[in-house]
Amino acid sequence: MPKAVAGPEIERLIQLLARLPGLGPRSARRAALHLIKKREQLMAPLTDALDTARERIVICKACGNIDTQDPCTVCVDPKRDPSVIVVVADVADLWALERANAVNARYHVLGGTLSPLDGVGPQDLSIDALVSRAHDPAVTEVILALNATVDGQTTAHYITDLLHNANVKVTRLAHGVPVGGELDYLDEGTLSAAMKQRTLI
Amino acid sequence: MHWLDDGIVLGVRKHGEANAILELMTREHGRHLGLVRGGAGSRMRPLLQPGNSLRAIWRARLDDQLGSYTVEGLNLRAGALLTSSHAVYAVTHLAALARLLPERDPHDVVYDSLESILNSLDDPATAAAHVVHFEMQMLAELGFGLDLMSCAATGQTDDLVYVSPKSGRAVSREAGEEWRDRLLALPAFLAEDQHGAPSGVDIGRGFALTGFFLSRYVLEPRNLGFPDARAHFIAAISRVLPNAA
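Chains as they are written, first to last, in the working numbering: chain A, 1 to 201; chain B, 1 to 245.
Below you can see the structure in the form of structure tokens.
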């Protein structure tokens with residue numbers, strides 16, 4: 001076991017930082033040292049920001065998004081099209097779509113995808129709430145923006161079956177060649193899906 | 001220790017940020033898990049989708065370790081299956097059934113059947129018949145094979161229309177008439193080599209038959225229920241073939 005080179009408070013800080021995604025023990029040590037060196041300029045505001053976030057973060061009861069208000073900023077935005085719901089697996093996917101400025105609609109965060117291997121069933125996801133939202137007469141389209149994986153598409157088909165009786169158009173994202181993708185490097189599955197879903201120019 | 005084998009992806013689970021634990025149904029080494037370095041990355045993810053066939057090299061210092069896989073795609077069919085509901089449910093259901101087999105126990109017939117079924121999931125009726133056959137094969141591999149070749153009471157080999165829920169053996173129409181309410185229906189496509197796709201009613205009877213024995217002899221003793229994907233697959237089939245549910 002390596003010898004401790006700092007007090008227990010600093011070691012604890014390093015251990016906690018090492019739990020963050022993208023950080024290992026070495027990079028956590030570097031981050032901790034950086035924070036300690038910039039105690040006033042960085043560590044104090046970061047501590048305040050973490051404290052505030054911890055106290056104020058809530059899950060939106062309508063869509064499952066993370067925000068500091070409930071309903072969330074997306075749900076209360078009057079400029080968004082209330083007739084379209086974009087279904088995503090996680091908040092990270094919502095943020096990705098917002099970054100891309102791809103759609104001006106409201107969202108529904110499922111909280112994951114169906115996965116028998118990980119023991120995730122329909123009861124573990126926010127599917128009932130989605131079905132109830134889709135039955136709102138104001139909603140005309142549900143876009144299933146789920147991963148192009150077997151788990152993601154199993155979830156998409158499951159939701160499509162459940163929305164069979166709702167008076168909404170159910171659509172999903174296209175599968176195909178990514179921007180910058182070279183055909184001879186693409187897997188056969190993607191090529192096959194892209195060929196099946198080719199569009200008229 | 002190392003070996004090279006062909007395998008079908010049954011499932012994959014992230015391990016840490018960059019790696020994944022891959023579950024393969026291999027031809028010679030059975031259901032086998034291993035770590036794929038970089039398996040959670042965007043380059044490897046298309047390969048590691050359930051239903052894809054891969055060529056895998058497994059390496060470990062000792063035989064009983066998890067070991068690591070190096071994989072290369074052989075038939076990346078998962079992408080083509082994603083748009084069809086019955087196909088994705090079938091892949092999930094077949095993987096759940098294969099997961100009932102003990103790890104590292106070779107079952108080359110299961111591998112060959114999986115390979116064959118996954119290549120013929122386009123047509124719902126054919127896919128459904130294949131899945132029923134696969135469930136029967138899984139019963140046999142797990143030690144509860146049904147004997148549908150001859151009548152348990154008379155030994156006759158024709159006009160077999162029932163199956164005894166006690167013995168799992170076929171019963172002819174004549175011999176079973178008196179106990180017909182207690183016997184399970186044997187669909188024609190399981191009793192004899194039938195050309196062409198079976199009817200929705202026969203598919204439904206096939207699932208009822210295999211479902212009964214899977215539930216009683218395989219799932220209940222393990223304190224398990226049917227995978228959700230089975231019911232979803234049957235529902236997807238019944239939208240195309242009425243009476244299959």
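The beta carbon of each residue, even a glycine, is placed where N, CA and C say it ideally should be.
{"Query": "Those runs of the beta strand (DSSP E) which lie wholly inside the segment 64-110 of chain B and span at least 3 residues", "Result": "68-75"}
{"Query": "Where K196 (chain A) sits in the DSSP three-state scheme", "Result": "helix"}
{"Query": "CB contact below 9 Å: P25 (chain A) versus chain B", "Result": "no"}
{"Query": "As assigned by DSSP and simplified to three states, the class of S27 (chain A)", "Result": "helix"}
{"Query": "Where the beta strand (DSSP E) containing V88 (chain A) begins and where it ends", "Result": "81-88"}
{"Query": "Chain A contact residues for E17 (chain B), given Cβ-Cβ distances below 8 Å", "Result": "P21, G22"}
{"Query": "Contact set for C75 (chain A): own chain, Cβ-Cβ below 7 Å, skip 5 residues either direction", "Result": "C60, A62, C63, R106"}
{"Query": "Chain B within 9 Å of P116 (chain A), Cβ atoms only", "Result": "yes"}
{"Query": "Cβ pair count under 8 Å reaching 3, the segment 135-149 of chain B against the segment 205-216 of chain B", "Result": "yes"}
{"Query": "Any 3 or more C-beta pairs closer than 8 Å across the segment 120-136 of chain B and the segment 13-24 of chain B", "Result": "no"}
{"Query": "I21 (chain B) (DSSP reduced to helix, strand or coil)", "Result": "strand"}
{"Query": "Limits of the unbroken beta strand (DSSP E) element including T171 (chain A)", "Result": "169-172"}
{"Query": "Contact check, H175 (chain A) vs G155 (chain B), beta carbons under 9 Å", "Result": "no"}
{"Query": "Contact between the segment 194-205 of chain B and the segment 227-245 of chain B (3+ Cβ pairs under 8 Å)", "Result": "yes"}
{"Query": "Proximal chain B residues relative to Q153 (chain A), where beta-carbon distance stays under 8 Å", "Result": "L82, T83, V88"}
{"Query": "Separation of R45 (chain B) from G51 (chain B), as counted between CA atoms", "Result": "13 Å"}
{"Query": "Residue(s) in a DSSP beta bridge with N26 (chain B)", "Result": "Here residue 26 (chain B) turns out to be Thr, not Asn, going by the sequence shown. B:G7, B:G30."}
{"Query": "Option nearest V177 (chain A) by Cα separation, candidates A:C72, A:L35, A:S132, A:R198", "Result": "A:R198"}
{"Query": "Interface partners of A231 (chain B) on chain A, CB under 8 Å", "Result": "Going along chain A, no residue has its Cβ under 8 Å from A231 (chain B), so there is no contact; the nearest lies around 11 Å."}
{"Query": "Collapsed DSSP secondary structure at A153 (chain B) in the structure displayed", "Result": "coil"}
{"Query": "T199 (chain A): contacting residues in chain B (beta-carbon distance under 7 Å)", "Result": "Within chain B, no residue comes near T199 (chain A); the closest Cβ sits about 15 Å away, beyond 7 Å."}
{"Query": "Sequence-distant residues of the same chain with beta carbon closer than 6 Å to L162 (chain A), five excluded per side", "Result": "V131"}
{"Query": "Contact between the segment 79-91 of chain A and the segment 28-48 of chain A (3+ Cβ pairs under 8 Å)", "Result": "no"}
{"Query": "Sequence-distant residues of its chain with Cβ nearer than 6 Å to N75 (chain B) (five each side left out)", "Result": "S53"}
{"Query": "Under 8 Å from the C-beta of Q49 (chain B): neighbouring residues of chain A", "Result": "T149, V150, G189"}
{"Query": "Short CB-CB distance (under 9 Å) between K196 (chain A) and chain B", "Result": "yes"}
{"Query": "Proximity of V86 (chain A) and V139 (chain A) at Cβ, strictly below 9 Å", "Result": "no"}
{"Query": "A102 (chain A) versus A:L13, A:R39, A:D93, residue with shortest Cα-Cα distance", "Result": "A:D93"}
{"Query": "Among A:L17, A:V150, A:A194, the one whose alpha carbon lies nearest that of Y89 (chain B)", "Result": "A:V150"}
{"Query": "Three-state class that DSSP yields for E141 (chain A) in the structure shown", "Result": "strand"}
{"Query": "Host beta strand (DSSP E) of I107 (chain A) (start-end)", "Result": "The question names Ile, but residue 107 (chain A) is Tyr in the sequence shown. Start and end: 105-109."}
{"Query": "Chain-order list of residues whose beta-carbon lies under 6 Å from that of M138 (chain B) (same chain, five-residue window excluded)", "Result": "L97"}
{"Query": "Cβ separation of S172 (chain B) and C151 (chain B), assumed to be a contact under 8 Å, to the nearest whole Å", "Result": "4 Å"}
{"Query": "Contained beta strand (DSSP E) runs [length at least 3] in the segment 143-187 of chain B, N- to C-terminal order", "Result": "160-163, 170-172"}
{"Query": "P124 (chain B): contacting residues in chain A (beta-carbon distance under 9 Å)", "Result": "Within 9 Å Cβ-Cβ: nothing; P124 (chain B) doesn't reach chain A, min ~13 Å."}
{"Query": "Residues bridged to V12 (chain B) (per DSSP)", "Result": "B:L22"}
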